[in-house]
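A.B. asks:
Numbering (this note's numbering), first residue to last: 13 to 530.
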């Protein structure tokens, strides 16, 4: 009861330390202990407090104290100021104080006047705090509104970008995979150079797609490069090599094969190749490749290792750019005509075709032979010039390189026209042109052995090797008794012998015709 003692001392109540009355109210309210006489003073006019200080019983006091209004008073527990007189809880306490005689209404009025002054003084601080709080709230609201606006604008930009990307994807190509899309933004073709060569004038992906009769999505799907693809545009299988081992063949699927055929007929076939090349060309064959080497003292055969795969995507793109096509068109052409070697892998129940090497010319595509001749054009010029300078003759059929000469230089002689000198210079040029010699297939053939060039013996005159002719004669002889099992294949072999040597082929053809008439 220290607070009430303080109030008594302040307003002239009883002595400090007087024991408080019991908590329970007596049946009949006891009069308060008389206070020392005070000097007479003028009574203040009646206030609104007098109506609120009527006596209250113990039962009524407890009942009102339990009401919601009293229990939820905002002044509960406040120690920094005197609660106002109009607070429900304060009114109840004031009535109890007056009823028990602790304070008079006048004293309570003075107390509340002091409290009002305190509230008035604290009101400025509260107003400042309230204003600061409102400023913080406004700041939060402004930030939230600004954030919502930024989010709305970002969403609008995202939608606009998505629409722009969708539109561009339907009409243009700017990306076809990592490490292969560098030139797609450059659409500058050398129109005059293309027109002079009689080539289609194309510069942009849209023009390429239209020329091939494809849509942009179709062209993108066939040209797109990915290291781990879920689909492939090739059917890959293996066939045995004549020299042993297996050869991987990648045959393009119909739509890609059509695009490659278009490139072959409209672009690649119109570019002339170097004279030493005899492979995959109209009017040239293994026979024309072997003919320049007939009856020569020395014939040297060399083979380029992994010929088609070694002609990679950058080289193919360079071939088309050299024709005059823009980097964008050249990139698309190169992607349509090259493919990476792949292996099938299973991951989480899904099949992937994983690239295990760089993109190169696939064996099985109709465009690969023509591109290989163009890629080896500089090699043919350099080797042809070297051969002419040293007195040799040079031809190339695909990856088979053949040199022949009439001058025999003794071994160990340091003569520029010797075989050793020729091989050394040839290896150097081949390496500079980014090819590699297959040393296992290197052969130096002299007159005392069968000199074979692309499967044709050239010692005296072009001829199919004697072992092949004997095998074919034996098959025709056996067919007289057991019948001809594969007439189409045998007819093709006889035609090939006739193409190489009409005399040998004529005799075999007579026997074949006799069998077919039976």
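For glycine and all other residues, C-beta sits at the position ideal for the given N, C-alpha and C.
1) Could you tell me the alpha carbon to alpha carbon distance between residue 292 and residue 179, rounded to whole angstroms?
2) Can you find the residues in the same chain that come closer than 7 Å, C-beta to C-beta, to residue 41, ignoring five residues on each side of it along the sequence?
3) Starting from residue 352, trace the alpha helix (DSSP H) in both directions and tell me its first and last residue.
4) Reducing DSSP to helix, strand and coil, say where residue 328 ends up.
5) Could you tell me which of 508, 488, 509, 493 sits nearest to residue 499, measuring between CA atoms?
6) Ordered along the chain, which non-local residues of its own chain (more than five positions away) have a Cβ less than 8 Å from that of residue 250?
7) Can you tell which of 478, 300, 339 has the C-alpha that lies nearest to the C-alpha of residue 511?
8) Could you compute how far the alpha carbon of residue 187 sits from the alpha carbon of residue 391?
9) Along the alpha helix (DSSP H) that carries residue 509, what are the first and last residues, could you check?
10) Nearest to residue 532 by CA position, among 86, 100, 507, is which residue?
11) Where does residue 372 sit, in a helix, a strand or coil, going by DSSP?
12) Tell me, to the nearest whole angstrom, how far the beta carbon of residue 211 is from that of residue 279; I am working on the premise that it is less than 8 Å.
13) By the three-class DSSP mapping on this structure, what secondary structure does residue 313 have?
14) Would the region 192-209 count as touching the region 162-172 if we require 3 or more Cβ pairs under 8 Å?
15) Look at the alpha carbon of residue 461 and the alpha carbon of residue 478, and state the distance between them as a whole number of angstroms.
16) Within the chosen definition, does the region 350-370 reach the region 270-288 through at least 3 CB pairs nearer than 8 Å?
17) Can you round the beta-carbon distance between residue 297 and residue 290 to whole angstroms, since I take them to be within the 8 Å contact cut?
18) Under a three-way DSSP split, which group does residue 113 fall into?
19) Along the beta strand (DSSP E) that carries residue 414, what are the first and last residues, could you check?
20) If the criterion is Cβ atoms closer than 9 Å, does the pair residue 319 and residue 371 meet it?
21) Pick out whichever of 379, 129, 367 has its Cα sitting closest to the Cα of residue 97.
22) Can you round the beta-carbon distance between residue 314 and residue 209 to whole angstroms, since I take them to be within the 8 Å contact cut?
23) Would you mind reading off the limits of the beta strand (DSSP E) that contains residue 252?
24) On the criterion of 16 or more Cβ atoms from any shown chain inside 10 Å, does residue 220 qualify as buried, or is it exposed?
C.D. replies: Quick answer:
1) Counted from its first residue, the chain shown places residue 292 at position 280. Counted from its first residue, the chain shown places residue 179 at position 167. Roughly 42 Å separates the two Cα atoms.
2) As a position in the chain shown, residue 41 is number 29, starting the count at 1. Confidence at residue 41 is low in this model, with a pLDDT of 48, below 50, so its placement is unreliable and no value can be given for it.
3) Within the chain shown, residue 352 is the residue found at index 340, counting from 1. Premise fails: residue 352 is in no alpha helix (DSSP H) and is neither H nor E.
4) Start at 1 with the first residue of the chain shown, and residue 328 comes out as number 316. Here residue 328 sits in helix by DSSP.
5) As a first step, residue 499 must be located in the chain shown, where it is residue number 487. Of the candidates 508, 488, 509, 493, the one whose C-alpha sits nearest the C-alpha of residue 499 is 488.
6) As a position in the chain shown, residue 250 is number 238, starting the count at 1. Only 258, 259, 260, 261 meet the Cβ criterion.
7) Residue 511 sits at position 499 when you count from the first residue of the chain shown. When each option's Cα is compared against that of residue 511, the closest is 300.
8) By 1-based counting over the chain shown, the position of residue 187 is 175. By 1-based counting over the chain shown, the position of residue 391 is 379. Their backbone Cα atoms lie some 33 Å apart in a straight line.
9) Taking the chain shown and counting its residues from 1, the one referred to as residue 509 is at position 497. Run containing residue 509: 499-512, per the alpha helix (DSSP H) assignment.
10) For the chain, the structure presents residues 13 to 530; residue 532 sits outside this window and is missing.
11) Residue mapping note: residue 372 aligns to position 360 of the chain shown, counting from 1. DSSP places residue 372 in strand when its eight states are reduced to three.
12) For the purposes of this step, residue 211 is taken as the residue at position 199 of the chain shown. For the purposes of this step, residue 279 is taken as the residue at position 267 of the chain shown. Their Cβ separation, rounded to whole angstroms, is 6 Å, which keeps residue 211 and residue 279 in contact under 8 Å.
13) Here residue 313 is taken as the residue at index 301 of the chain shown, counted from 1. Strand, per DSSP.
14) no
15) The sequence position of residue 461 within the chain shown is 449, counting from 1. The sequence position of residue 478 within the chain shown is 466, counting from 1. The straight-line gap separating the alpha-carbon atoms of residue 461 and residue 478 is approximately 13 Å.
16) no
17) In the chain shown, the residue the question calls residue 297 occupies position 285. In the chain shown, the residue the question calls residue 290 occupies position 278. Confirmed, about 7 Å.
18) On the chain shown, residue 113 is found 101 positions in, with the first residue counted as 1. Three-state DSSP puts residue 113 in coil, outside helix and strand.
19) Taking the chain shown and counting its residues from 1, one reaches residue 414 at position 402. Residues 412-417.
20) Numbered from 1 along the chain shown, position 307 holds the residue referred to as residue 319. Numbered from 1 along the chain shown, position 359 holds the residue referred to as residue 371. Not a contact, by the Cβ cut-off of 9 Å.
21) Working through the chain shown from its first residue, we reach residue 97 at position 85. When C-alpha distances from residue 97 are compared across 379, 129, 367, the shortest belongs to 129.
22) In the chain shown, residue 314 corresponds to position 302, counting from 1. In the chain shown, residue 209 corresponds to position 197, counting from 1. About 32 Å separates the Cβ atoms of residue 314 and residue 209, ruling out a contact at the 8 Å cut-off.
23) Reading the chain shown from its first residue, position 240 is the one you call residue 252. Taken as a continuous stretch (DSSP letters only), the beta strand (DSSP E) holding residue 252 covers 246-252.
24) To locate residue 220, count along the chain shown from 1; it is residue 208. Buried, because 16 or more other Cβ atoms sit within 10 Å of the Cβ of residue 220.
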